[in-house]
Amino acid sequence: MKFPSVAFLCCISLCSILIAVLCESSTDGKCKSLVNSPFNICISAGYNFSFSLPEKLNKPEFEDVLASALKTAIQIWEKCADLNLVVTMECSSTFPKCGNGGKRVLPCKRVCGELLKKCLYTDFRGSSFMQKYMEELLALCLSLPDEEPSDEKCVEPPNFRTNDSIPSPLDRGCQELIIPACKDLGVYSHTLLSESVQKHLYLTLWRKSYNKSDLQRDFPKMFENTFAKYPKCRRNAETLFCGNMFPPCFLHETKAVYKTPCRSLCNDIARECPGYFSNDFNDAEYCGFLPEGDTGDLFCDIKEWPSPFHWLDYLDLPTTTSPPSKEPNKQGPKGWVIAVAVLSCLAVVGLVLGGLIWWKWRRT
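Letter by letter, the sequence shown follows residues -23 to -1, 1 to 341 in mature numbering (1 follows the signal peptide of the UniProt record, and there is no 0).
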């Protein structure tokens, strides 16, 4: 599969730099001025200080590549949103505001709501990735602070105004789950994903168009083959798949909350079927992506904007010059594992990095 535009050519360079920069020290408590820096575009978000780069990467060649790729990511949004709004969300993923005491200050929840009002239903040249990205951004933005920008509780771009004549997509609530394999589990009947995005995912995973008169009730073949090898864990594995690909939503709750399978569910699979994750991540690494909850819970709330880049060691991109502690997986993790991991942290990773991962997944 080839990249659909020149923009994706910048993704690889950005990913390499971002991994080295932010995996090593994403928030080291040392603020650095954005004024007259290669990243001064982030000043449009309404702040002048972000986090300093590690010393070994304070080199013009690294900064120039990163700045160029960040601008490319921002330009992708020009079709639907104002610059200040886009910059606020994109820079929060790469160069967030560094507040008092070196605290990372996130965008206010309504900032994301306004971006989604403008862009959620925009046709990005039929890009299935962009549609999925928008829905995952919506889900993750539910965890952003619903506060005023005073006292550095959150960030709004300069002259920010909400368009109250249009309902915020963040308030749309639960959507009917229309994927037969997941609905037949009987675990949940609604999801945060819109019907259109569910249909796009059905086409991607089941390799056929969504047609009510001819729906596939089994799981995709590649998953069915894996589930069949571990009958003892099949039910939990199916729940893990559905809960990550189609995040659940429950009508009885007062407001929609982004949920994923709990870490305990994943740990149960790892304990009862030790070989289940062996060809992808080891169980500790994979289950570590998921939120903790009470023992026996199936789904747990995502209560915070996830920390970026904690799983990027598995993208076959170098993060350190030190010798690896173990033999690397030369083929990288399987595509579906990458896809599942993306769902829990896509928005903060950023559009550009997400594009690279989606591309890797579609190649497999």
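No residue lacks a Cβ here, since even glycine has one placed at the ideal position from N, Cα and C.
Computed from a prediction, not measured in an experiment: that's the story for all the values here.
Quick check: the Cα distance between D141 and K94, rounded to an integer number of angstroms? 10 Å
In chain order, what residues of the same chain have a beta carbon less than 8 Å from the beta carbon of K48, not counting five sequence neighbours either side? I18
Given W183 as reference, the closest of F196, V174, K189 and S190 once Cα atoms are compared: F196
Under the criterion of a Cβ to heavy atom distance below 8 Å, does Q108 qualify as lining the ligand GTP? The ligand GTP is not part of the structure shown, which contains no ligands of any sort.
Between which two residues does the alpha helix (DSSP H) containing D245 stretch? R240 to E249
Cβ neighbours of L60 in the same chain (closer than 8 Å, five flanking residues each side left out): S21 and I51
Inspect the beta-carbon positions of L119 and V88 and report whether they are closer than 9 Å. no
For K74, count neighbouring Cβ atoms within 10 angstroms of its own Cβ and tell me buried if that reaches 16, exposed if not. buried
Can you tell me whether V314 is buried or exposed? The criterion is at least 16 other CB atoms within 10 Å of its CB, across all chains shown. Low per-residue confidence applies at V314: pLDDT is 37, beneath 50, and the placement is therefore not dependable enough to give any value.
Out of S255, T168 and G23, which has the shortest C-alpha to C-alpha gap to T65? G23
So L170 and E112 are supposed to be a Cβ contact under 8 Å. How far apart are they, rounded? 5 Å
Backbone CA spacing between G163 and F254 [nearest angstrom]: 25 Å
Exposed or buried, what is S186 when buried is set at 16 or more other beta-carbons lying within 10 Å of its beta-carbon? exposed
Look at N209 and C250 and say whether their C-beta atoms are less than 9 Å apart. This sequence places Lys at residue 209; Asn is not what is there. Result yes, Cβ atoms of K209 and C250 sit closer than 9 Å.
Does DSSP classify L289 as helix, strand or coil? Residue confidence is low: L289 scores 38 on pLDDT, short of 50, so the model does not pin down where it sits. Its coordinate-derived value is still stated next. Three-state result, L289: helix.
What residues in its chain sit with their C-beta under 6 Å from that of E230, if we drop five residues either side in the sequence? none
N- and C-terminal bounds of the alpha helix (DSSP H) containing F276: Where F276 is concerned, there is no enclosing alpha helix (DSSP H), although the beta strand (DSSP E) it sits in stretches over F276 to D278.
Cross-strand partners of S10 (DSSP beta bridge): F26
Is it true that the segment 143 to 154 meets the segment 220 to 228, where meeting means three or more beta-carbon pairs spaced less than 8 Å apart? yes
Given this structure, state the Cα-to-Cα distance separating N25 from D41, to the nearest angstrom. 19 Å
How would you call V12, buried or exposed, if buried means at least 16 neighbouring beta carbons within 10 angstroms? exposed
Taking 7 Å as the limit between beta carbons, can you name the residues of its chain near K160, skipping five residues before and five after? L154 and S166
Length of the line joining the Cα atoms of P268 and N188: 34 Å
Would you kindly work out how many angstroms separate the C-alpha atoms of L320 and S10, rounded to a whole number? Summary for L320: the model assigns pLDDT 34, below 50, so the residue's position carries little reliability, and this model does not support an answer.
Taking the runs of the alpha helix (DSSP H) that are 4 residues or longer, which of them lie wholly in the segment 32 to 95? 37 to 53 and 60 to 71
Between the C-alpha atoms of S45 and E201, what's the straight-line distance to the nearest angstrom? 43 Å
Could you compute how far the alpha carbon of N213 sits from the alpha carbon of L242? 7 Å
Taking C-alpha atoms, which residue in F28, P146 and D278 lies nearest to G78? F28
Taking buried to mean at least 16 other C-beta atoms within 10 Å of its own C-beta, is T203 buried or exposed? buried
In the DSSP assignment, find the alpha helix (DSSP H) that holds residue 364 and state where it starts and stops. This structure cannot speak to residue 364, because the chain is shown only from -23 to 341.
Could you give the C-beta distance for L83 and S69, rounded to a whole number, given that I count them as a contact under 8 Å? 6 Å
Assuming L147 and L115 make a contact with CB atoms under 8 Å, what is their CB distance in whole Å? 6 Å
What does the Cβ neighbour count give for D143, buried or exposed, with the cut at 16 atoms within 10 Å? In the sequence on display, residue 143 carries Ile and not Asp. Under this definition I143 is an exposed residue.
According to DSSP, is P135 helix, strand or coil? coil
According to DSSP, which residues form a beta bridge with P225? T168
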